[in-house]
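Down below is the structure, laid out as structure tokens.
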Amino acid sequence: MELFINILGAIVTFLVAFIVGMTYGGLNRKITARVQNRKGPPFYQNFIDAFKLSSKETAIHHGIMHYLGPAFLMVSSVMTLLIVPVFTNNGWFPNLNFKGDLIFLIYIMTFGPLGMALGSGQTGNPNAAIGVTRGLSQMVGFEIPWVMALIALMIQYHTTSIEGLMEAQAQTGTWFMFSSPFAFIAAILAMFGMFRYSPFDIVSAPTELASGPASENGGKYLFVMMSSGSVFTFAKLTLYVDLFLGGAANLPVLLLKTFALYLIPILYGMTTPRYRTEQAIRWFWGWPSFFGLLAIIQAVIL
Amino acid sequence: MATLYLIFIIFLGGAILTYYAGKLGSVLQDIIFLATILGATSLFYAGVHINDFMSFNPGGITLTWGINYFGWLFSLIVLGLGSLAAVYSVGYMKGKKRRGYFYFNFILSIMAMLGILVSQDLISFFIFWEIMTWSSYLMVIYNGKDDQKLGLKYFIFSAIGAYAMLMAIVMVHSVTNTFLIGNMIEAYPQMSLSWQIWIPILFLTAFGVKAAMMPLHVWAPGAYSSSPMAYTSVFSGALSKMGIYGMVIILVTMISHLPQGIWFRETLAWLGGLTAALGTLWAIKQDDAKKLLAYSSIAQLGYIITGVAIGTELGLLAGLFLAVMHALFKGTLFMVVGAIEKQTGTTNFTEVTGLIRKMPWTFFSALLAIIALAGIPPLGGFVGKWMLYEALITSNHYLLVILIFFASTAAFLYCYKFLFGFFMGQEEKEWEHVKEAPATMVVPMVLMALFMAVLGSWPGIILNPINNGLVDLGFVSTYKHLWDTSILFNSWGNQVVLKPLLYSVVAIFVFFAIVLIWKGFKGTRYVSTKDISSSGEVPGENENLTFSLGFAQPFLRAVGPVMKRQIDRYYTEFADGLESFFEFLRRIYTGNGQTYAIYVFVFVVIVLLFKDVLF
Amino acid sequence: MYNDKNSQKIVDYIQNWTRKHSIWVLAYGTGCGAIEIPPTMTSRYDSERLGIRGAATPRQADVLLITGYLTVKTLKRVIRVYEQMQDPKYVIGFGSCTINGGMYFDSYNTIKVLDKYLPVDVYINGCMPRPEAVIQGFVKLQKRIGEGRATGAKHYKENLEWYRANQKKIIPNWVMPEYNW
Amino acid sequence: MVGTPVLFIAIPLLAAFLIPLLGMIWKELVRIVPGLVLIYLLILAVNLLDHVMVHGPIIEIIAGWAPPIGINLVFSAFSGFLVTIMIFLGLLIWLYSYRFKKNVGYEPAKKYFLLLMMLITGSVGIVLTGDIFNMFVFIEITGISAYGLTAFYTGRDSAEASFKYLMLGSIASTFLLLAIMIIYSQLGTLNMADIANRIHTMNPTYKIISLIFFITALGIEAEIFPLNGWAPDAYSEAPGPVGAAFAGIVVKASVYAIIRYIFTIFDVDGAFNFLIIIGMLTLIIAEMAAIRQEKLKRMLAYSSIGQMGLVLVAFGFGTEEGVYAALFLMLNHAIIKSLLFFSGSYLVYNSKDKLIAEMNGLGKKLPITSFLFALGAFAIIGLPPFAGFWSKLSVLTAAADKNMIFIMSLILFVSLIELVYYLRVVNRLYNSKEKASSIEVKKPTANALITMLVLGGLILLIGFYPDVVTGVLHKASAALMDKSQYIHNVLSINQ
Amino acid sequence: MDNALFDLLDYAVYGTAILVMLIGIYGALAKKSLLKIVIGLSVSDSGLNMLIVAIGYLKGGTAPIFSPGYLDGTNKLMVDPVPQALVLTAIVIGFGVTAVALALVIRLYRHHGTLNIDEIKNLKW
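Protein chains in written order, with the numbering used here: chain A, 4 to 305; chain B, 470 to 1084; chain C, 18 to 198; chain D, 6 to 500; chain E, 24 to 148.
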């Protein structure tokens, strides 16, 4: 029975994540438009796009991996979502709660892109493979500061689980954002790469690579990919909130905090032109990693 | 314990019989070969009792044979992988030349590895070590084409290691007057400081060569890629583990009795980390699957070395679990490459592409193996990686863990390259005729792949023997608190529950797969890989659209400075320098008899002048 | 219930509504008219407010925009791209050249009437049409989609042989996969 | 007892001079008689050795004069062991060279076997004798027959090699005679045991000078580094089996002489360290030179020199383990290097200009020979489970017991060099990138093949079951180490 | 005869012997002709033999056979017979070696057409 409730809760969480993620996506477009001094699409534009895509006919496939590629992607984002505690007290939207472990999290986050990469690989479109290698390369870049930040937290509080960190955060009473500022900075900078917004969006460069890994995916495939992206966005933001901003007790607080975090990569991206892959990698291994190092030093000293 | 003798006799006799059976018929040869390996394997597991030792004295040296739990653990790798690879080789070697030679060396290698595991004294350890070395060397020169430098390099490095080990062995002997490993470990803390430093270094050289540790790894890519793939799966999967085995039973055990050993362990762990990082980077650069896997092996062994070297409970568990996993997935991957090589005749990514629909089972095993290699849940590789990270973090190796993390993230690049290069991409007309490999080759691969999947959720199957082995070596009484059959803990008490993870991953995957197939798989139509959106252009039949050259170029550009120089070149330059020095030196022999006579008188005069010093 | 006529109507309505408000245009500049697309898309005229945005590949796109004259060489690619797009899909003929050849009416290597080769849903007149006109065209298309009258693709499928015959007349070396979805 | 030690000298000498006469009766006798003689001697040697192992050394007096005055032969476990090896090797060389090619002329065979028997006589005499001047005579006998054998082929290079050998040999004899005379003028005796007994009364300066002269003289024969200019040439230009004879018989006798002087006769402690120094020098320089050789036989020659250096080093440890190791090395060297020379001869015979570079793919044409060469190469490198491993192990153990870590590492480094050049050859043999060769393959004859197989079998036997020799080796080394027993045994022979 | 002179003569014998040896060695080491080298070796051999005999010489001794002086008791001193015996052997050996050497020289000359040892260097390194 408990399991059933948990599964139900997971599904609800998924739906919320989907909706929130989609809305954030739409808001992103809207804000971008406002920054560029235009009206922009309505904030629900992403929903329209998603439904349109799902209603579009999908008449072809390039083989089984191509067919299932988006499912791999979805596994990754939903698993991430399930591991990240959405609310501090788990009263609402309980998820399956695997005692979310950070190392596991890092790895499950890469599961999807790799599965997707296989799918796009099977299409035989060279652009897709190029995009994938760019994405993977960039991942090597941003994972370093990201892991540094996480490790700094882990060694400071002697736990590798998200819940453990949240408890530690609750006990100290200070958000890690303030008690471990360097880790926070490193993690935020890594987040730029994770979201693949503007300076780091060479992976799916539309005109150069014809949107890269997604280039052969339309219709349903793209719909699943899009929803996966939305869920993933929400999961990642929640993770950041849990880790650095003291978690959230209820939905409004959660939305507030996540949106505040979400603004950072968006606003940075709007003002920064695209990096080449190696530039992006070097960027991540520069200041972000330096902050990560500072974070570790701080954690060791404390 | 006479069973052990019997096993070795079966191996030796089987090797010779197999060699000569080739004249009677290839089927008979296959049967004898399989019977030897499988028979000895089953005899080993049926008839050999653990912790039952026997001694004998050839040449006045006491040799002790017997197997303990730790050896038994590695015997799983050696014999398990060996048996599967043997079945595989029957398919692989069909229609190839020099089968007798191959089988002979194959059996001898397996025998030597088993011998290493059963020897409880350093001399028989060394003897089997060397048998292993030269039998694998003979395998490396199996092709006999352009490979001579590779084989030579392998042998020279092995010899450097072996001689270092021999030196350490006799040094130990001069102190303890026995060759028993146990006595050596007991005597080690009482030795003088310089010996305490030198002996581990010498042993490390030996094991480091076999385990392809960083400055000593340069033989590995060539040797792995030039021996027949059926053997390379054993070579990389099991034979390199002997280095790890030696490290654990000798180095780690020895050092753990000594407080100053921390320095050594740190050095070793860092060497492991560097090996992992550099191995990964070079693997990304390779265009040949064999080379890629060879470098990947180096990198993976780096993780294992790191895990073993940090020497904490979790670290040892992680290292050894990774060792087992590496045997499984690298064995599988080399078999995959072998199957592809057999079916297509090449292993170059730039040549062969789009095999997924032609060799689905091979692809399936390659996929699982790659997932395990990359350490992605829910397969077994993740368990090892997780334990390694946790071990590193909980034992305060903060920078090392980042290095390791970098390596394993970058590993995704070559993992993807491997799968993409062979199975994805354009399905060229050139490879239209390619068919799935024969059953004897596919079955071992798929079996191993499935076993990896099982280990991902029930790692206790392997962790239990590891635990027994470590207890046997005299480490802390039990590690049971670190894992349950499918739950892992770190020493801070955090845990990962594997089974529900598997279930939920499968459930989510199935759900979305159904969503995708909702209107029916039939509703969609397969289109060939020529039918892609390439700016409206219709790719011609012979137009190669596959992206395979300069695969991860941006990444390689980013890490360019690190890869500017190969360690290989330093060795080559050193060797060239030595040779030219030798060339200079041999001109002492001028060829003029008179000069030689003058040498005699010069010698006499010098000795007479210095006679007070000399005598 | 799925096959119920009324519910089907509702579904159709919703689908048409979403399609109408989410038009992904394949950025495929065939002729000089492509220069008018950037102002249409960017701040000044901001077509995104109508849900119109670019799509990188034919697999994702809804609308094929033929921007101006079409040379014979380009026609082949355009046909290929069109056939790779997934249903529902629409074609907009952009500028006079697509209607009757425009200033290239007597050119030896451009096609004159686009409709003979691809089913055009909406023509936009002008040489060049200003962005306002372009947006007007899109709005027109949206309207037709909403009404369910933008059935060019269906027409193309039904009269494939006629279109093929026309296309083959122009394109001498016809090597293309068959169009069969 | 089937005979006395003097037969070891008398019979082959007799046979040597009878060979031309017998050849007049039946030409084939020239080939057969040496074999019979050697078989008999081998039986005798094994029997005597067996006896000696149990009952202690046999001292035989020649011509009825008691030891301090007359000449005596000593067949102890040590010398007996060496004699047995030499005779055994001689037998194998005989078997191998019975017919090297299908048709060998009568004249060359006659000369060859005559000289070979002389060589064996001289070498055995060196080992057996208990008199230093007598040893000089035997050294000269060995020398002259060795010059002859070196110049056996009629080409110009063999004459050159032989001349170099001769030149250094006569310098050696000069020094040897000088050293003998210094001893004699000081002590008035030529008997080894007597000298050993009274050496402490000698003036140290004279003692050391004579020791140096001895070492120089014998060092020339034993291929010690600066004195071994002749060796590579002689090895490479002499017939293959003669190379084996040099490596297995002549040099062993010379090393024996050095060891006898240093261990038994002189009481100079520094001599041991000196042995280590010159041994290491020889080892290192020879192996370094070997790695750059283009010709197989020359490479083997340098390798032999190096091995002898290693033997000297092992002796230089001065401990019983050291002697044991050295004897083991000598035994292995005799077996393995002979195998290498034997099989190498056929490889050289089948390749152009004797170059290693021309040996590509011979493994296919001469499968057994190549396999045996590879076996020998693996064995001499010291790979287990072949014979060479045990001796290398014992050398290293002895070094470690003396705490000579630096020496050990040098030995191992040199072994690495050795490994490299042997493997280069093996790699070439099994390199299938052979050139289109229509040359007829010259297969080994049956007797040669048998010889090589016997040696290969021995390598494997000792490798797998070293107990066959270790007992003898221990006894022999104990016999060498026990100096006072030697003196006592010899001097008390007629009391 | 004067005793001092006799001593001088004694040394002179040693000196001469050593001088002859050195001359021989010089010849063997410095001369380029093969023949001269062989001659040098022989000469040094002779010097050595002289030296050995000189060592065995006893002042005022007679020949080491039952010579008249010894038998009638006028001269009980007899030179040491052993060195002389040894020298006889050494001379024989030296003769043999020289013979072989000359034979080789002939062969070398036949093949190389020269006796210069610097030019006979086919085997080297």
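In this text, a Cβ means the ideal position worked out from N, Cα and C, and glycines have one as well.
6 angstroms CB neighbourhood of residue i in its chain, flanking five on each side removed
i                 : result
Thr722 of chain B : Ile654, Leu942
Ile158 of chain A : Ala302
Lys480 of chain D : Met58, Ala82
Ala152 of chain A : Ala186, Ala189, Ala190, Gly295, Ala298
Thr531 of chain B : Ser524
Segment limits, beta strand (DSSP E) that includes residue i
i                 : result
Ser524 of chain B : 523-525
Phe111 of chain C : 107-111
Trp830 of chain B : Trp830 of chain B -> not in any beta strand (DSSP E); alpha helix (DSSP H) instead, spanning 829-843.
Gln964 of chain B : 964-966
Phe80 of chain D  : 77-80
Contact set for residue i: own chain, Cβ-Cβ below 8 angstroms, skip 5 residues either direction
i                 : result
Gly124 of chain A : Met68, Ala131, Ala132, Val135
Ile3 of chain A   : Nothing can be reported for residue 3 of chain A, as the shown portion of chain A is limited to 4 through 305.
Residue i, enclosing alpha helix (DSSP H) - first and last residue
i                 : result
Tyr45 of chain D  : 34-60
Ile862 of chain B : 849-863
Val234 of chain A : 222-247
Val139 of chain C : Segment 139-141 is the beta strand (DSSP E) holding Val139 of chain C; no alpha helix (DSSP H) there.
Glu782 of chain B : 782-813
Three-state class that DSSP yields for residue i in the structure shown
i                 : result
Asn278 of chain D : helix
Arg61 of chain C  : coil
Ile530 of chain B : coil
Trp148 of chain E : coil
Trp31 of chain D  : coil
Ser466 of chain B : Residue 466 of chain B lies beyond the range of chain B shown here (470 to 1084); nothing can be said about it.
Val87 of chain A  : coil
Glu445 of chain D : coil
Cβ-based neighbour list, residue i, same chain, cut-off 7 angstroms, excluding 5 preceding and 5 following
i                 : result
Phe180 of chain D : Phe218, Thr221, Ala222
Ile871 of chain B : none
Ile62 of chain E  : Gly50
Residue from the options with nearest C-alpha to residue i
i                 : options                                : result
Leu92 of chain C  : C:Val130, C:Ala73, C:Ser113            : C:Val130
Ser356 of chain D : D:Ile67, D:Arg433, D:Leu317, D:Met486  : D:Arg433
Pro39 of chain D  : D:Leu121, D:His60, D:Ala339            : D:Leu121
Leu481 of chain B : B:Ser495, B:Ala504, B:Leu497           : B:Ala504
Thr175 of chain A : A:Leu258, A:Ala62, A:Tyr160, A:Gly29   : A:Tyr160
Leu254 of chain A : A:Tyr265, A:Leu266, A:Thr241, A:Asp204 : A:Thr241
Problem - Inter-stretch contact at 8 angstroms, needing at least 3 Cβ pairs: the stretch 42-49 of chain D / the stretch 109-120 of chain D - result: no
Exercise for the section: Please confirm if the stretch 762-778 of chain B is in contact with the stretch 741-748 of chain B, defined as three or more CB-CB distances below 8 angstroms between the two stretches. Expected result: yes
Exercise for the section: Decide yes or no for the touch test of the stretch 34-54 of chain C against the stretch 83-92 of chain C: beta carbon pairs closer than 8 angstroms, at least 3 of them. Expected result: As far as the Cβ criterion goes, the stretch 34-54 of chain C touches the stretch 83-92 of chain C, which means the pair count is three or higher.
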